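Data block below; observations after.
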Amino acid sequence: MSLRRQVLLFGVGGAIGLVVDAGVVQALVSWGHWNAYLARVVSFLSAATATWLWNRRYTFAQRESGRSLAAEWAHWIALMSVGAVVNYAAYAVILLLYPWLHRWPAIAVAASSAAASLVNFATARGVLFKRAKTSA
Numbered sequence: 026m027s028l029r030r031q032v033l034l035f036g037v038g039g040a041i042g043l044v045v046d047a048g049v050v051q052a053l054v055s056w057g058h059w060n061a062y063l064a065r066v067v068s069f070l071s072a073a074t075a076t077w078l079w080n081r082r083y084t085f086a087q088r089e090s091g092r093s094l095a096a097e098w099a100h101w102i103a104l105m106s107v108g109a110v111v112n113y114a115a116y117a118v119i120l121l122l123y124p125w126l127h128r129w130p131a132i133a134v135a136a137s138s139a140a141a142s143l144v145n146f147a148t149a150r151g152v153l154f155k156r157a158k159t160s161a
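Going by the working numbering, the first residue of the sequence shown is number 26, and it counts up by one from there.
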């Protein structure tokens, strides 16, 4: 699969992750009355799991990690955590600069996700799914 197609599919996975991330954080804050910062940790894990499922099935279908599913998921979470640090830092800054967004954290999630997506694609393709699948 071409790099261009992988980037496109990764973007689709990112959009899915954004919907999960923003939906979970907004639900926890609005209905569960959670703190916006703590809710983001739960929403990240939910979104990262959703993107792992999408990307292993579609984006990196012709590539493999050489790991068991559990190990692959754990490695994915660890790698996505690098992007999450970038994402969370931007999210926290946005909430500090615009305190009214504490009631609408999904907006801050969307704004902070773009920078992290480049880091996430590079680590997913270059570190975890770096080998082409071989037919046995």
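For glycine and all other residues, C-beta sits at the position ideal for the given N, C-alpha and C.
Being a predicted model, the structure only gives us computed values, none of them experimental.
Residue 141 sits close to residue 108, with the two beta carbons spaced by under 7 Å.
Per DSSP, the beta bridge partners of residue 157 are 88.
Annotation: the continuous alpha helix (DSSP H) that includes residue 39 extends over 28 to 55. A buried status is given to residue 116, since no fewer than 16 other beta-carbon atoms sit within 10 Å of its beta-carbon. Straight through space, the alpha carbons of residue 130 and residue 61 are spaced by roughly 7 Å.
Taking a 10 Å sphere around the C-beta of residue 87, we find fewer than 16 other C-beta atoms and assign the residue as exposed. Selection 34, 144, 119 and 97 evaluated against residue 134 yields 119 as nearest (Cα-Cα). Here residue 100 is not near residue 33, since their CB atoms are 7 Å or more apart.
In the displayed model, residue 127 falls within a helix according to three-state DSSP. Apart from sequence neighbours up to five positions away, the residues of its chain that approach residue 92 with a beta-carbon distance below 7 Å are 100, ordered along the chain.
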